[in-house]
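Protein chains in written order, with the working numbering: chain A, 327 to 617; chain B, 247 to 534.
#1: Where residue 450 of chain B and residue 501 of chain B are concerned, what is the direct C-alpha to C-alpha distance, given to the nearest angstrom?
#2: Starting from residue 495 of chain A, trace the alpha helix (DSSP H) both ways and give me its first and last residue.
#3: So what does residue 372 of chain A bridge to, in DSSP terms?
#4: Anyone know if the C-beta pair for residue 554 of chain A and residue 442 of chain A falls short of 8 angstroms?
#5: Over the uninterrupted alpha helix (DSSP H) stretch that includes residue 383 of chain A, give me the two end residues.
#6: Would you kindly report the start and end of the unbroken alpha helix (DSSP H) that includes residue 382 of chain B?
#7: Expressed to the nearest angstrom, what Euclidean distance is found between the alpha-carbon atoms of residue 469 of chain B and residue 345 of chain A?
#8: Counting Cβ pairs, one atom from each stretch, are 3 or more of them under 8 angstroms apart for the segment 320-327 of chain B and the segment 455-470 of chain B?
#9: Determine, for residue 590 of chain A, whether the minimum Cβ-Cβ distance to residues of chain B falls below 8 angstroms.
#10: Residues of chain A with CB closer than 8 angstroms to the CB of residue 375 of chain B, please, in chain order.
#11: Counting only C-beta atoms, is residue 516 of chain A closer than 8 angstroms to chain B at any point?
#12: For residue 450 of chain A and chain B, any beta-carbon pair shorter than 8 angstroms?
#13: Taking residue 608 of chain A as the reference, give the member of A/593, A/557, A/548, A/538 with the closest Cα.
#14: Looking at chain A, is there any beta carbon in it that lies within less than 8 angstroms of the beta carbon of residue 415 of chain B?
#15: What number of angstroms, rounded off, separates the C-alpha of residue 569 of chain A from the C-alpha of residue 397 of chain B?
#16: Is any beta-carbon of chain B found at less than 8 angstroms from that of residue 378 of chain A?
#17: Any idea what DSSP makes of residue 477 of chain B, helix, strand or coil?
#18: For residue 464 of chain B, return the contacting residues in chain A, with the cut-off set at a CB-CB distance below 9 angstroms.
#19: At 4 residues or longer, what runs of the alpha helix (DSSP H) sit wholly inside the segment 417-450 of chain B?
#20: Is it the case that the CB of residue 367 of chain B approaches a heavy atom of the ligand HEM more closely than 7 angstroms?
#21: Apart from the five residues on each side of it in sequence, which residues of its chain come closer than 8 angstroms, Cβ to Cβ, to residue 494 of chain A?
#22: Leaving out the 5 sequence neighbours to the left and right, which residues in its chain are closer than 8 angstroms to residue 423 of chain B when beta-carbon positions are compared?
#23: Just to check my reading of the structure: residue 420 of chain A and residue 503 of chain A have Cβ atoms closer than 8 angstroms, yes? What is that Cβ distance to the nearest angstrom?
#24: From residue 479 of chain A to residue 562 of chain A, what does the alpha carbon distance come to, in whole angstroms?
#25: List the DSSP bridge partners of residue 400 of chain A.
#26: For residue 330 of chain B, does the three-state DSSP call read helix, strand or coil?
#27: If you measure between the beta carbons of residue 476 of chain B and residue 485 of chain B, is that distance less than 8 angstroms?
#28: Given this structure, state the Cα-to-Cα distance separating residue 534 of chain B from residue 381 of chain A, to the nearest angstrom.
#29: For the segment 550-570 of chain A, list every residue whose C-beta sits within 9 angstroms of some C-beta in chain E, in sequence order.
#30: Does residue 311 of chain B get closer than 8 angstroms to chain A when you measure Cβ to Cβ?
#31: Determine the chain A residues that contact residue 303 of chain B at a beta-carbon separation under 9 angstroms, and present them in chain order.
#32: So, for residue 566 of chain A: in the same chain, excluding its five sequence neighbours on each side, which residues have a beta-carbon less than 6 angstroms away from its beta-carbon?
#33: So, helix, strand or coil for residue 566 of chain A, using DSSP?
#34: Inspect the beta-carbon positions of residue 593 of chain A and residue 313 of chain B and report whether they are closer than 8 angstroms.
#35: Report the CB separation of residue 514 of chain B from residue 461 of chain A in whole angstroms; it is logged as a contact under 8 angstroms.
#36: Whose CA, out of A/488, A/469, A/433, lies closest to the CA of residue 276 of chain B?
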């Protein structure tokens, strides 16, 4: 009997060996390595030969860098703007396609369609539509290049990502809507409750798990904004740092200034900020449950 | 006034309200669908336009030309980038099916000491964000000379925790009878996995394959980190498109042809396997 157990365990280890190696090497180890690098003057060729030890200086430079502050302000504005918009649009789409309608699968697919396109393509298309001579400016009779004007850039990205993500949010709300038992609605109909009241008094509160789920998942997702900001600003985070997000800040410090120590320190600081926000959110709204 | 509206017969018949409601709903539906679709129509139309025509508001190109497509595919190297993207997406997807399948099966069914602890480690990797891994992973790959080829990118993407978790959850739903029957027939652990369990998990494998192919094809961040610092021959379609956009800001027909190339394979997959897409997104999200 012992032989069977040992054999089963042996195969078990063999099956998980490669995945565990990948996770250990490229997730767990880098966590410690990032902290290590953040305490050194570290350039593209590794530690600085003459003066390797940085102490806490990389951290104090990040925390006192006005550009890092701008990046935090930008991402806060973006997240506060985009998450409610994504959720509202997603819920609206879900309510529409949840109706008994002819061709609702076609509409569901159409609404989900922008979600499958790559960030690079979708941003390029948006840059075209919102360029100074683009379709949108022809309609509103203006010549503002929306993505490359400091005052509008963040909001242009908010609009772009709300549009592309709402299809995904819709799918989660649809799952939530379908889990609400029909007799709840039948009871409301018998009482003669209006559609509007039924929605706000019954549907909306019963979607609580889906609200929390979307808030947590898309909130954390928004804090990672990079692709759209990078592409819209041609890799600069401009104009005037208007599209510099924390992740883009880390990228620029590493691959434009070749200051890997500072970039690693910024990575650790931002990780702690996001971690703290997630913890506060968990305490405030509880663990996200099944949508 | 109040009294008359409250009188029963003045309320329109139910059927009429219903028809009006339907008409309104369809109008909203078509309008919203237009907002979602017009940008893509516009993109395709512009890709067949000349440069001067690309800043006009006519939906039908005048004159009609395929010049932008030729230029993007040959002069701007999208043919090569397309092959690169396809190769990476295929290899990464294949590796994920095998490794997430094996790992998911072991964590779901095989008993071995330390299993729960190792599984916790797998779930823990979901907490480590890319912005923290970026610097150390880049430094590691550089030191190992894995930056000047595809191997570094493939190595760090061999298997994801999300996929492994997804496969484990699916294996947990398969009744044990199948494995016991295989064991009675004298099949070993690997044979039981490859001949019985993996085929039974086909719906999960399909969803995983589609979502992972899409994820790798669309990936921008890691190709930028790993291939974006040097040799342009390693570029993926997404990277090539961004770089074209940076260099030729207003070459709209070429940029739109490039954008169509960057989304077309995923559109084809989506049209063919829509069912798996949508069920995969929801179940991966709900459980993960």
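C-beta atoms are modelled at their ideal positions from N, C-alpha and C, and glycine is treated no differently.
Since we're looking at a predicted model, the values are computed, not measured.
Quick look at the numbers:
#1: Going from the Cα of residue 450 of chain B to the Cα of residue 501 of chain B covers about 36 angstroms.
#2: 479-504
#3: Beta bridge pairing from DSSP links residue 372 of chain A with A/369.
#4: Going by C-beta atoms, residue 554 of chain A is not nearer than 8 angstroms to residue 442 of chain A.
#5: 383-390
#6: 376-389
#7: Those two C-alpha atoms are separated by around 21 angstroms.
#8: no
#9: Cβ-Cβ to chain B under 8 angstroms: yes for residue 590 of chain A.
#10: 550, 597, 600
#11: Not an interface residue.
#12: Chain B contact via Cβ: present.
#13: A/538
#14: Nearest CB-CB separation between residue 415 of chain B and chain A: not below the 8 angstroms threshold.
#15: 32 angstroms
#16: No, no contact with chain B.
#17: coil
#18: Going along chain A in sequence order, the residues near residue 464 of chain B (Cβ under 9 angstroms) are 442, 443, 444, 445, 446, 447.
#19: 423-430
#20: This structure lacks the ligand HEM, and indeed carries no ligand of any kind.
#21: 416, 438, 441
#22: none
#23: 6 angstroms
#24: 13 angstroms
#25: For residue 400 of chain A, no pairing in a beta bridge is given by DSSP.
#26: Per DSSP, reduced to three states, the secondary structure at residue 330 of chain B is helical.
#27: no
#28: Residue placement at residue 534 of chain B is poorly supported in this model, since its pLDDT is 35, which falls under 50; the coordinates are not used for a value here.
#29: You won't find chain E in this structure, because its protein chains are A and B.
#30: no
#31: Neighbours of residue 303 of chain B on chain A, chain order: 461, 464, 465.
#32: 476
#33: coil
#34: no
#35: With 8 angstroms as the limit, residue 514 of chain B and residue 461 of chain A do not qualify as a contact, their Cβ atoms being about 26 angstroms apart.
#36: It is A/433 whose Cα lies nearest to the Cα of residue 276 of chain B.
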